[in-house]
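If you're matching positions, the sequence shown starts at 40 in this note's numbering and goes up one per residue.
Some notes on the structure that comes next.
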Amino acid sequence: MNTNTTPQEAARSTPGWWTEAVIYQIYPRSFADSDGDGIGDLPGITARLDHLAELGVDAVWLSPFYPSPQADAGYDVADYRDVEPLFGKLSDADRLIAEAKSRGLRTIVDLVPNHTSSAHVWFQAALAAAPGSGERQRYVFRDGLGPAGDEPPNDWQSVFGGPAWTRVTESDGRPGQWYLHLFDTAQPDLNWDNPEVRAEFLDVLRFWLDRGVDGFRVDVAHGLVKQADLANWEEPQEILSGQEVDKPRPPMWDQDGVHEIYREWRRVLDSYDGERILVAEAWVEPAERLARYVRPDEMHQAFNFEFLLAAWTAPAQYAVVTRSLEATEAVGAPTTWVLSNHDVVRHASRLGLPIGTPRPNGIGADDPQPDAALGLRRARAATLLMLALPGSAYLYQGEELGLPEHTTLADEVRQDPTYHRTGGAQRGRDGCRVPIPWEADAPSYGFGPTDASWLPQPTSWAEYALDRQRGVPGSTYELYRTALRLRREHQLGRGTLRWLESPDEVLAFANGPLTVLTNFGATPLPLPAGAELLHTSAPLDTDGHLPTDTTAWLHTP
Ligand code: NOJ
Numbered sequence: 040m041n042t043n044t045t046p047q048e049a050a051r052s053t054p055g056w057w058t059e060a061v062i063y064q065i066y067p068r069s070f071a072d073s074d075g076d077g078i079g080d081l082p083g084i085t086a087r088l089d090h091l092a093e094l095g096v097d098a099v100w101l102s103p104f105y106p107s108p109q110a111d112a113g114y115d116v117a118d119y120r121d122v123e124p125l126f127g128k129l130s131d132a133d134r135l136i137a138e139a140k141s142r143g144l145r146t147i148v149d150l151v152p153n154h155t156s157s158a159h160v161w162f163q164a165a166l167a168a169a170p171g172s173g174e175r176q177r178y179v180f181r182d183g184l185g186p187a188g189d190e191p192p193n194d195w196q197s198v199f200g201g202p203a204w205t206r207v208t209e210s211d212g213r214p215g216q217w218y219l220h221l222f223d224t225a226q227p228d229l230n231w232d233n234p235e236v237r238a239e240f241l242d243v244l245r246f247w248l249d250r251g252v253d254g255f256r257v258d259v260a261h262g263l264v265k266q267a268d269l270a271n272w273e274e275p276q277e278i279l280s281g282q283e284v285d286k287p288r289p290p291m292w293d294q295d296g297v298h299e300i301y302r303e304w305r306r307v308l309d310s311y312d313g314e315r316i317l318v319a320e321a322w323v324e325p326a327e328r329l330a331r332y333v334r335p336d337e338m339h340q341a342f343n344f345e346f347l348l349a350a351w352t353a354p355a356q357y358a359v360v361t362r363s364l365e366a367t368e369a370v371g372a373p374t375t376w377v378l379s380n381h382d383v384v385r386h387a388s389r390l391g392l393p394i395g396t397p398r399p400n401g402i403g404a405d406d407p408q409p410d411a412a413l414g415l416r417r418a419r420a421a422t423l424l425m426l427a428l429p430g431s432a433y434l435y436q437g438e439e440l441g442l443p444e445h446t447t448l449a450d451e452v453r454q455d456p457t458y459h460r461t462g463g464a465q466r467g468r469d470g471c472r473v474p475i476p477w478e479a480d481a482p483s484y485g486f487g488p489t490d491a492s493w494l495p496q497p498t499s500w501a502e503y504a505l506d507r508q509r510g511v512p513g514s515t516y517e518l519y520r521t522a523l524r525l526r527r528e529h530q531l532g533r534g535t536l537r538w539l540e541s542p543d544e545v546l547a548f549a550n551g552p553l554t555v556l557t558n559f560g561a562t563p564l565p566l567p568a569g570a571e572l573l574h575t576s577a578p579l580d581t582d583g584h585l586p587t588d589t590t591a592w593l594h595t596p
């Protein structure tokens with residue numbers, strides 16, 4: 040290796056970089072605010088890129104930063120080829136991509152093809168145009184049922200709560216057709232049977248590929264094509280629920296027709312230099328069904344939400360890891376691993392709830408509160424388990440600080456449409472989206488130059504700030520940094536997993552030269568004779584045994 044080459048730069052030129060990459064998710068609203076308006080922005084991200092290089096990740100994935108009324112925090116896109124003024128300018132995106140590249144970091148942007156914002160010019164044109172017009176055919180408009188057409192065309196529910204259809208007022212002032220929105224009313228679903236829609240997104244892909252991005256995270260990748268008859272589906276929708284194995288497939292998710300779209304996109308990506316990737320956000324189960332999205336001529340990766348949802352027990356973790364590896368190996372794709380993102384309760388809090396608690400959609404002050412110390416202990420163990428697995432791993436901003444969910448946000452400050460559309464029954468996702476702490480003693484903990492923060496930060500967050508953890512042995516930040524360095528040195532991402540014999544409440548496997556042990560049980564576990572401890576999520580006990588809820592990386596003779 041050239042001595043001037045950083046490990047990340049070396050990885051950039053590695054074929055199949057994505058098969059083993061650690062990809063860090065940035066939620067632009069909440070990462071770093073350069074102008075003090077309380078909302079993170081692209082110049083803020085650029086100014087903090089050294090943190091990511093130092094942490095040792097390979098790539099960043101940016102949640103949407105496009106012009107948007109922010110009805111769903113940017114997942115309502117009004118213009119796919121520009122930057123939301125709150126976040127900066129197109130030139131700021133160019134600079135961010137270039138600055139990331141100069142540090143050996145790849146950039147993945149978010150693509151939202153299932154729906155646009157209702158502020159998109161296409162939807163505005165559709166509202167102004169007549170039923171049956173070309174403008175309406177870019178979306179899913181239908182006449183209502185009943186003699187007056189005042190009942191929705193079918194019984195589908197929005198993922199965010201309430202009906203999935205909204206009635207429009209026609210230009211003559213009369214109540215008119217209905218349009219489909221699987222999410223918020225401000226997110227009308229596109230009609231992917233329309234060639235114009237397909238052509239538009241091919242062009243959007245090229246727009247960002249030409250600007251140098253290394254790939255796309257594809258939002259709601261399992262939703263673009265709907266069953267042609269829009270058959271009724273009485274089940275309520277729940278974000279991130281996944282498809283139950285023993286139930287028929289819902290008419291709005293995981294239709295076979297989506298795959299042709301991704302084959303066409305793959306051909307576009309493959310026509311560019313380097314290895315540009317597509318990552319599916321598809322809440323599809325079982326793992327074999329999800330693996331269809333990552334067949335050789337489709338996407339490169341799909342988020343493994345089954346792993347994220349698995350209970351913190353040895354049998355559940357064993358089962359999910361085994362199943363995930365088998366399903367992706369069958370199609371020759373790498374497995375991915377993820378524990379947190381901007382849609383779920385952060386794993387440092389989720390794992391502090393009693394085992395077996397159904398995954399909550401947000402936590403509020405009146406809800407049972409997680410055990411913070413237990414949650415963090417398990418989160419650190421889960422992270423070391425995840426980072427030792429072969430494949431690619433996703434991190435969500437702040438998890439490297441051990442950041443918990445904000446579980447006592449005042450209801451008045453909640454912004455997630457889920458909260459409002461369910462009348463507060465679902466707390467929603469704001470608690471994992473709170474701006475992250477950088478410096479303990481700075482205004483907004485260094486998120487920005489002022490105290491402003493679009494969601495309030497808990498007063499207890501000084502202890503999680505990066506500057507309180509950098510260089511501090513045993514801190515969560517140093518735990519991640521060491522894990523990422525060892526993962527790279529031992530090439531764990533491209534390794535092979537071999538299960539080892541272990542007691543019932545212990546998970547034990549080998550990956551290359553490493554032995555990995557996670558103790559889920561109450562009984563401390565003696566280490567194998569002669570083992571050299573490389574890394575551990577918590578100190579060994581005074582007998583040198585591995586305590587409960589701890590993962591260790593070892594060299595064994
Ligand atoms: C999945 C995204 O991750 C989520 O934040 C968003 O609300 C929905 N898709 C709708 O775009």
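We treat Cβ as the ideally placed atom computed from N, Cα and C, and that holds for glycine.
Contact check, residue i vs residue j, beta carbons under 8 angstroms
{"i": "LEU135", "j": "LEU81", "result": "yes"}
{"i": "LEU308", "j": "ARG315", "result": "yes"}
{"i": "SER379", "j": "ILE62", "result": "no"}
{"i": "PRO456", "j": "ALA110", "result": "yes"}
{"i": "LEU263", "j": "PRO152", "result": "yes"}
{"i": "PRO67", "j": "SER107", "result": "no"}
{"i": "GLY534", "j": "GLY560", "result": "no"}
{"i": "GLY463", "j": "GLU444", "result": "no"}
{"i": "PRO429", "j": "LEU573", "result": "no"}
{"i": "VAL99", "j": "ALA139", "result": "yes"}
{"i": "ALA164", "j": "GLU174", "result": "yes"}
{"i": "ARG527", "j": "GLY95", "result": "yes"}
{"i": "THR521", "j": "ASN558", "result": "no"}
Start-to-end residues for the alpha helix (DSSP H) that takes in residue i
{"i": "ASP149", "result": "ASP149 -> not in any alpha helix (DSSP H); beta strand (DSSP E) instead, spanning 145-150."}
{"i": "LEU525", "result": "515-528"}
{"i": "GLU320", "result": "Run containing GLU320: none; DSSP gives neither H nor E here."}
{"i": "ALA412", "result": "411-426"}
Separation of residue j from residue i, as counted between CA atoms
{"i": "GLU123", "j": "TYR105", "result": "5 angstroms"}
{"i": "GLN294", "j": "ASP580", "result": "52 angstroms"}
{"i": "LYS128", "j": "GLU365", "result": "44 angstroms"}
{"i": "THR589", "j": "GLY313", "result": "39 angstroms"}
{"i": "ALA353", "j": "ALA319", "result": "28 angstroms"}
{"i": "GLU235", "j": "ALA591", "result": "53 angstroms"}
{"i": "ALA481", "j": "THR446", "result": "23 angstroms"}
{"i": "LEU448", "j": "ASN343", "result": "29 angstroms"}
{"i": "GLY251", "j": "GLU478", "result": "32 angstroms"}
{"i": "GLY171", "j": "ASP336", "result": "35 angstroms"}
{"i": "ASP258", "j": "PRO567", "result": "45 angstroms"}
{"i": "LEU317", "j": "THR85", "result": "23 angstroms"}
{"i": "GLN282", "j": "VAL323", "result": "Model confidence at GLN282 stands at a pLDDT of 45, short of 50, so the residue's coordinates are unreliable and nothing is read from them."}
{"i": "ASN41", "j": "PRO325", "result": "Because ASN41 sits at a pLDDT of 44, beneath the cut-off of 50, its placement in the model cannot be relied upon, and the following sentence gives the value as read from the coordinates. Looking at the two C-alpha atoms, the distance is approximately 44 angstroms."}
{"i": "SER73", "j": "TYR435", "result": "20 angstroms"}
Start and end residues, beta strand (DSSP E) containing residue i
{"i": "ALA547", "result": "545-550"}
{"i": "ALA591", "result": "589-594"}
{"i": "GLY254", "result": "254-257"}
{"i": "HIS459", "result": "No beta strand (DSSP E) holds HIS459; the alpha helix (DSSP H) holding it covers 456-460."}
{"i": "LEU88", "result": "Counting along the chain, LEU88 falls outside any beta strand (DSSP E), though it belongs to the alpha helix (DSSP H) covering 88-94."}
{"i": "GLU274", "result": "Where GLU274 is concerned, there is no enclosing beta strand (DSSP E), given that its DSSP letter is neither H nor E."}
{"i": "LEU573", "result": "571-575"}
Cβ of residue i within 8 angstroms of any chain B Cβ
{"i": "ASP580", "result": "The structure shown contains no chain B, having only a single protein chain."}
For residue i: DSSP bridge partner residues
{"i": "ASP228", "result": "HIS154"}
{"i": "PHE180", "result": "TYR218"}
{"i": "PRO202", "result": "GLN196"}
{"i": "TRP100", "result": "GLN64, ILE147"}
{"i": "GLN508", "result": "Answer by DSSP bridge pairing: none, since GLN508 is not bridged."}
{"i": "LEU585", "result": "LEU564"}
{"i": "THR557", "result": "LEU546, THR590"}
{"i": "SER431", "result": "THR375"}
{"i": "TRP538", "result": "PHE548"}
{"i": "GLN340", "result": "VAL318"}
Would the stretch 369-384 and the stretch 417-431 be scored as touching if the rule is three or more Cβ pairs under 8 angstroms? Result yes; three or more Cβ-Cβ pairs closer than 8 angstroms.
Any contact between the stretch 68-81 and the stretch 502-516? By contact I mean 3 or more CB pairs, one from each, below 8 angstroms. Because the criterion of three Cβ pairs below 8 angstroms is not met, the stretch 68-81 and the stretch 502-516 do not touch.
Between the stretch 213-221 and the stretch 178-186, do three or more beta carbon pairs fall short of 8 angstroms? Note that the stretch 213-221 touches the stretch 178-186; at least 3 beta-carbon pairs, one per stretch, sit closer than 8 angstroms.
Could you check whether the stretch 493-504 touches the stretch 433-449, counting it as contact only if at least three pairs of C-beta atoms, one from each stretch, sit closer than 8 angstroms? When Cβ pairs closer than 8 angstroms are counted between the two stretches, the stretch 493-504 is seen to touch the stretch 433-449, the count reaching three or more.
Would you call the stretch 153-165 and the stretch 264-275 touching, i.e. three or more CB-CB distances under 8 angstroms? No, they do not touch.
Pairing CB atoms from the stretch 356-371 with CB atoms from the stretch 385-398, are three or more of them under 8 angstroms? Segments in contact, no.
Could you please go through the chain and list the residues whose beta-carbon is closer than 6 angstroms to any non-hydrogen atom of ligand 3? Ligands in the displayed structure: ligand 1; ligand 3 is not one of them.
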